Ligand code: AHR
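In mature numbering (1 follows the signal peptide of the UniProt record, and there is no 0), the protein residues as written are -17 to -1, 1 to 295.
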């Protein structure tokens, strides 16, 4: 609205100098670190003054950060919401202050008119792509799957579980036998996989691991090796993100497939904000990024190098 336009500073060059607050979840995974790096890069390229707040996985810290951005009168806010619920009040406060909010990579349960747009992937579809890969790979063979879930209450944990279950529905040979949260971290992924292996008498009956992100898969791969089994062969490994370390594991034959989540959510977010601030152009409510499947056949070493070059 007019308030937003008035709050922009017109520089002599005619460019808009914007101050944008970014409430980031934390640094739980390699993907998250890459998103932070790319958001800073994208802001710098556009001459945006980015105010960065790391919430260390706590919603209360994110709410505090948002209130502080509102008090400072930033031009816009990027929010990567740790969990899906509990955002109504603070989003209403931002709306009241005429500060547009763009959601990055995770979704909220709040009404759609409380944010300008959301940039992210179709999280259910990601789970479906991972599940379909397993269905195609095991064929008619009996396959017991253990699942490492993401952060409880986060939209990717909820949706990636649903998507995978959708894909294996009707394939009675494939069963999820154990499922627990590993909080999207490498350490917890390893710990929980160790407990799965122990509970399964060493792991001989586990055919596949489905991890809601690559970092948990990388931790679990370590646990599988320490249990004397071969990840990627004795236990198939499929996960989500496509970060460099999973390509390293794929190149070594220790992981089988990953579904890419682009860490560059900020680029499309800044573009949508620029258009909105220029003349009020309303973006689509959801700006969807791609969910591409990579397997060992897709030059994992090359994909690793390419991402490293991009600064992930
Ligand atoms: O919200 C996206 C998820 O959050 C990524 O898949 C995971 O690695 C991160 O922690």
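For glycine and all other residues, C-beta sits at the position ideal for the given N, C-alpha and C. As the structure is a computational prediction, the values presented were derived from the model and not from experiment.
The alpha carbon of residue 79 has as its nearest neighbour, out of 184, 54 and 101, the alpha carbon of 54.
By the criterion of at least three beta-carbon pairs nearer than 8 Å, the stretch 197 to 206 is in contact with the stretch 222 to 238. The C-alpha of residue 119 lies about 32 Å from the C-alpha of residue 293. Between residue 59 and residue 260, the C-beta gap is smaller than 9 Å, which places the two residues in contact. A straight line joining the alpha-carbon of residue 75 with that of residue 64 spans about 15 Å.
When the five nearest sequence neighbours on each side are left out, the beta carbons in the same chain lying within less than 6 Å of the beta carbon of residue 180 are those of 186 and 210, in order along the chain. Three or more Cβ pairs closer than 8 Å define a contact, and the stretch 85 to 92 meets that threshold against the stretch 127 to 147. With a beta-carbon spacing of about 7 Å, residue 258 and residue 266 fall inside the 8 Å limit used to define contacts. The beta carbon of residue 207 lies closer than 6 Å to those of 214 and 218 in the same chain, with the five residues before and after it left out. One Cα belongs to residue 107, the other to residue 242, and the distance between them is close to 12 Å. Take residue 158, set aside five residues on each side of it, and the residues of its chain with a beta-carbon closer than 7 Å to its own are 127 and 128, in chain order. According to the DSSP assignment, residue 18 belongs to no beta strand (DSSP E) but to the alpha helix (DSSP H) extending over 13 to 28. At a threshold of 8 Å, residue 162 does not count as near the ligand AHR, since its beta carbon sits no closer than that to any of the ligand's heavy atoms. In the three-state reduction of the DSSP assignment, residue 214 falls in the strand class, which pools E and B. In this chain, the alpha helix (DSSP H) harbouring residue 149 covers 138 to 151. Per DSSP, the beta bridge partners of residue 86 are 62 and 101. If you check the C-beta of residue 251 against the ligand AHR, you find no heavy atom less than 8 Å away. The Cβ atoms of residue 277 and residue 233 lie closer than 9 Å to each other. Between residue 290 and residue 17, the C-beta gap is smaller than 9 Å, which places the two residues in contact.
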